[in-house]
Amino acid sequence: MKTVIFALNSSYSHTSLAARAIARGMERHGLYYEIIEKNQKEKRAAVLAALAEAGAEIYGFSAYIWNISDMRAYASALKKILPRAKIVFGGPEVLFADDEFLSENPFADYIIRGEGEEAFPKLCEAIAAGEACERIIDAPYFRDFTESGIYYGDVGETPHGLVYYESVRGCPFSCTYCLSSVTERKIRAKSAERTLEDLLGFEKFDGIKTVKFVDRTFNFDRERAKAIWRGLCGAEYTKEYHFEICASLLDDESVEILTHAPRGKFRVEVGLQSTTPETLQAIKRTLDVPKTLENTRRIYEAGNVCVHLDLIAGLPYEDYASFGRSFNDAYGFCDELQLGFLKILCGCEMEKNAERYGMVYSSEPPYEVLGTKWISFAELTRLKLTDEFNDRLSNGESLRNTFPWLPLEYGNPFEFFERLGEFFEEKYGKHHDLAKLSQVNVFLLVLEFAKKALPDAGEARARLALDFLLHETRKLPHELAEGVIPCESLKAELILLVPKHERASCEVAYLPFKSENYIIINRKTKTLIETEVAQNGI
């Protein structure tokens, strides 16, 4: 009997860990399977055709909050094409699905709630044997998780781009907005030795850039985490490794390891969520805020680990003003600051308290909060624009010399982005899409706003000019060109400092915030050429 394991990723660069884990379970049971792995950017007709052409008797659908709508659509159509096929839904989005889910989605024959490595193959065996099965199956924990390996390469297509690895199941925290607090209280972890052994398995794949740990709190065990980080600092591990950590659990030795790790080896994601005490208490987020920010700052300032900080808007007791304070507390402590918006997940404690908190949220995935007792829909909408500006200006590489310096120089980063958003809407219209604004116009918008917001915008212009010269290929706009001299107009003795083959692509800028010297920028290679040219040397 043929079985298809269907995974729908968000993009081509992602691969499905769940599909491979289930496939390994099928192999242990000696069952025939095929993985069909697609992404949401592919044409729907082509994806459906691939499913139908497989002609399987059983289809397993791995459902998440971000793909459940698509999965329902594919399953519904597939059932019409292959009415005899059995369709099984599993994954986080059906952890609390019940008979109502089956009645609302008649194309679904079975639901597996929980870990499917053993439950799915056993269901396939029962279907093949013609046995009567419960339509809703509560799966036990997978007993062999700690020895399960990496899956990639053994099953499915050759991995590429971003791959996922799981070294821990369960979470020590009880955050009320998270499913882990009600489904995975027991922590099961692979040893440091086993984890390092597994990770060496990714080295045979040249196409892998990043290995992302899906562990909820990687450093729940401080000594284990340090042992793994030390091991990964070795030259035999060549990928980038992404961890979700609790920064307040870091001790000085942990910070020392991270701040001395090879540049570009690690990315750490810190779930700050809020710095408002009443909010943290309400969501049962056990967090030492000062220690979290201090440890995050130390790692960020070392400059060799990419630091990502998360905030969530729409939490209980967090109004617009207090969210602004949380934003200011976090801004400038990280390479990337992400503003998330609260999702009310089925089965979590937050769902049970939603009415008490006056929470209104979408009935469709991703179940995002539309308003609470403390924050209105209009205010959340304003935060969306703040998020867009922060993400485009602060979280990328193209404005690294200007951000976070400019909002910090303004004195109130949250207000800076709020006022910049208002300025943008005045200039381009209230519903203009920021994503459609060209990068050149983004530079000019920031400069124009800086002139209004700061007593002296000279340094802001210099920083923007440097970022433009380093990251853009177009001619420098005249609004940014003050203090910038094209190479051909320089005296011969200065040109001699630049290698002959580079001269045509160079420009020189006087950047007072860097030094008393002029800086030569090679626009072809996007690099700075160090010189010792005094200000009066031109």
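The sequence shown begins at 0 in numbering that gives the first Met the number 0 and counts up one residue at a time.
No residue lacks a Cβ here, since even glycine has one placed at the ideal position from N, Cα and C.
Where residue i falls, given that 16 or more other Cβ within 10 Å makes a residue buried
| i | result |
| --- | --- |
| Gly-420 | buried |
| Gln-272 | buried |
| Thr-194 | buried |
| Phe-242 | buried |
| Gly-313 | buried |
| Phe-376 | exposed |
| Ile-80 | exposed |
| Tyr-58 | buried |
| Tyr-240 | buried |
| Asn-20 | Note that residue 20 corresponds to Ala in the displayed sequence, not to Asn. That one is buried. |
| Ala-48 | exposed |
| Ala-353 | buried |
| Val-497 | Its pLDDT being 48, under 50, Val-497 is placed unreliably in this model, and the value from its coordinates should be taken loosely. Val-497 is buried by the Cβ-count criterion. |
| Ser-102 | exposed |
| Glu-165 | buried |
| Glu-130 | exposed |
| Arg-284 | buried |
| Glu-114 | buried |
| Arg-221 | exposed |
| Asp-197 | buried |
| Arg-460 | buried |
Residue j beta carbon less than 7 Å from that of residue i
| i | j | result |
| --- | --- | --- |
| Thr-258 | Ala-301 | yes |
| Phe-5 | Phe-88 | no |
| Val-3 | Ala-72 | no |
| Ala-62 | Glu-92 | yes |
| Glu-348 | Thr-175 | yes |
| Lys-342 | Glu-378 | no |
| Leu-308 | Val-269 | yes |
| Tyr-356 | Leu-369 | no |
| Thr-538 | Asp-328 | Nothing in the structure corresponds to residue 538, since the chain is present only between 0 and 537. |
| Arg-262 | Cys-305 | no |
| Phe-413 | Phe-388 | no |
| Ala-464 | Leu-479 | yes |
| Val-154 | Arg-23 | yes |
| Arg-296 | Phe-332 | yes |
Same chain only: Cβ atoms within 6 Å of residue i, ignoring 5 sequence neighbours per side
| i | result |
| --- | --- |
| Val-167 | Ala-188, Asp-214 |
| Phe-423 | none |
| Lys-185 | Gly-169 |
| Leu-249 | Asn-294 |
| Ala-538 | Limits of the chain in this structure are 0 at one end and 537 at the other, which puts residue 538 out of reach. |
| Ile-67 | Glu-92, Pro-364 |
| Gly-230 | Leu-195 |
| Phe-204 | Pro-158 |
| Thr-401 | Arg-462, Leu-463, Asp-466 |
| Ala-96 | Ile-110 |
DSSP bridge partner residues for residue i (one or two, in chain order)
| i | result |
| --- | --- |
| Phe-376 | According to DSSP, which records beta bridges pairwise, Phe-376 is partnered with nothing at all. |
| Ile-57 | Thr-2, Lys-85 |
| His-307 | Glu-268, Glu-335 |
| Tyr-316 | DSSP lists no partner for Tyr-316. |
| Lys-342 | Glu-367 |
| Tyr-151 | Val-154 |
| Lys-211 | Tyr-163, His-241 |
| Leu-7 | Lys-37 |
| His-13 | Leu-161 |
| Asp-137 | Arg-112 |
| Arg-187 | Arg-168 |
Test: residue i CB closer than 7 Å to a CB of chain B
| i | result |
| --- | --- |
| Ile-80 | You won't find chain B in this structure, because it holds only one protein chain. |
Chain-order list of residues whose beta-carbon lies under 8 Å from that of residue i (same chain, five-residue window excluded)
| i | result |
| --- | --- |
| Arg-399 | Asp-466 |
| Ser-12 | His-159, Gly-160, Leu-161 |
| Lys-208 | Gly-160, Leu-161, Lys-238, Glu-239 |
| Ser-10 | Asn-38, Gln-39, Lys-40 |
| Arg-418 | Phe-448, Ala-452 |
| Asp-334 | Tyr-299, Cys-305, Val-306, His-307, Asn-394 |
| Leu-77 | Leu-47, Leu-50, Ala-51, Tyr-58, Ala-84, Ile-86, Phe-106 |
| Tyr-140 | Gly-113, Glu-114, Arg-168, Lys-185, Arg-187 |
Other residues of its chain near residue i: CB distance less than 7 Å, five sequence neighbours each side excluded
| i | result |
| --- | --- |
| Ala-491 | For Ala-491, the pLDDT reaches just 45, beneath the cut-off of 50, and the residue's location in the model is therefore unreliable, although a value from the coordinates is still provided. There are no such residues. |
| Leu-495 | Only weak support is given to the placement of Leu-495: the predicted model assigns it a pLDDT of 45, under 50, and the value that follows is read from those uncertain coordinates. So the list is empty, once near-sequence residues are dropped. |
| Ala-118 | Ile-111, Ile-136, Ala-138 |
| Ile-35 | Val-3, Phe-5, Ala-49, Leu-50, Ala-53 |
| Leu-178 | Pro-91, Leu-94, Leu-344, Gly-346, Cys-347 |
| Arg-473 | Val-439 |
| Thr-278 | Leu-314, Pro-315, Tyr-316, Glu-317 |
Any alpha helix (DSSP H) of 4 or more consecutive residues that is wholly inside the segment 103-133: For the segment 103-133, whole alpha helix (DSSP H) runs of length 4 or above, ordered along the chain, are 115-127.
Ordered list of beta strand (DSSP E) runs contained in the segment 350-417, each at least 3 residues: 368-370
Contained beta strand (DSSP E) runs [length at least 3] in the segment 414-463, N- to C-terminal order: none
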